[in-house]
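Please read the structure below before turning to the comments.
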Amino acid sequence: MLTPGSGRVGVTEDQILEDQELLNRIAAGEKDALETIYERYSSAVFSLARYMLRSEAVAEEATQDIFLKIWLKAASYSTSRGQPKTWIMSVAHHQIIDIIRSRKRSAALSDPHEYETLDLLPSAQIATDEAVVRNLEAERVREALDKLPPAQQEVIVMSYFNGLSQSEIAAKLGQPLGTIKTRARLALQKLREELRQNDVE
């Protein structure tokens with residue numbers, strides 16, 4: 001079994017190209033390439049899974065499932081879908097959502113109140129409408145997040161789930177701070193609109 005890696009502090013242009021090549025090699029069936037990707041990104045994937053699933057044991061299992069999914073889906077990656085890390089975290093997010101939905105259906109039989117609410121921890125750097133994400137029903141927030149473009153999802157996940165500031169996110173992604181602020185603003189606007197539509201329905 002693979003064990004969680006330490007991850008990387010930032011992603012340079014050379015590393016992006018290297019990750020793209022690794023995904024191509026994974027698509028070709030090279031297991032050592034998967035191990036390298038796992039070493040680089042398992043820490044971020046596990047942190048997201050642990051936060052959203054609220055169980056270290058379930059998060060560990062989910063992390064294994066996510067990298068199996070990456071192994072199976074690597075051929076579907078293309079640069080048009082963003083940086084490799086963006087794609088990997090998008091795969092992780094979708095897989096975790098599936099797990100939450102499955103567990104919620106099972107839990108409803110014994111405890112209908114399980115997973116009803118989720119307190120998201122806002123980054124001090126993101127001042128745009130923090131109430132949109134804080135103290136909302138978990139399922140509604142997760143479904144709304146699932147509808148965001150991958151680049152906007154990534155900023156919200158890194159800020160609210162991983163606790164990074166906008167400056168830290170910009171450094172990690174190799175993007176201008178203004179770009180990150182714009183993505184966060186647009187993402188929160190879309191979340192607010194989606195949640196408002198759900199209230200109307």
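In the UniProt record's numbering, the protein residues as written are 1 to 201.
Glycine residues also receive a C-beta, built at the ideal position from the N, C-alpha and C atoms.
For clarity, every value in this text was computed on a predicted model and none was experimentally measured.
Check                                                                                                 : Outcome
DSSP three-state assignment for Pro149, whether helix, strand or coil                                 : coil
Sequence-distant residues of its chain with Cβ nearer than 7 Å to Pro176 (five each side left out)    : Ala170
Cβ neighbours of Asp14 in the same chain (closer than 8 Å, five flanking residues each side left out) : none
Per-residue burial, residue 230 [other beta carbons within 10 Å of its own, 16 or more giving buried] : Missing from the structure shown is residue 230; the chain here goes from 1 to 201 and no further.
Cβ-based neighbour list, Leu186, same chain, cut-off 7 Å, excluding 5 preceding and 5 following       : Gln152
Through-space distance from Ile100 to Ala124, alpha-carbon basis                                      : With a pLDDT of only 36 at Ala124, under 50, the local geometry of the prediction cannot be trusted, and no value is derived from it.
Three CB pairs or more closer than 8 Å across the stretch 46–54 and the stretch 23–38                 : no
Inter-residue Cα distance where the pair is Thr63 and Lys181                                          : 29 Å
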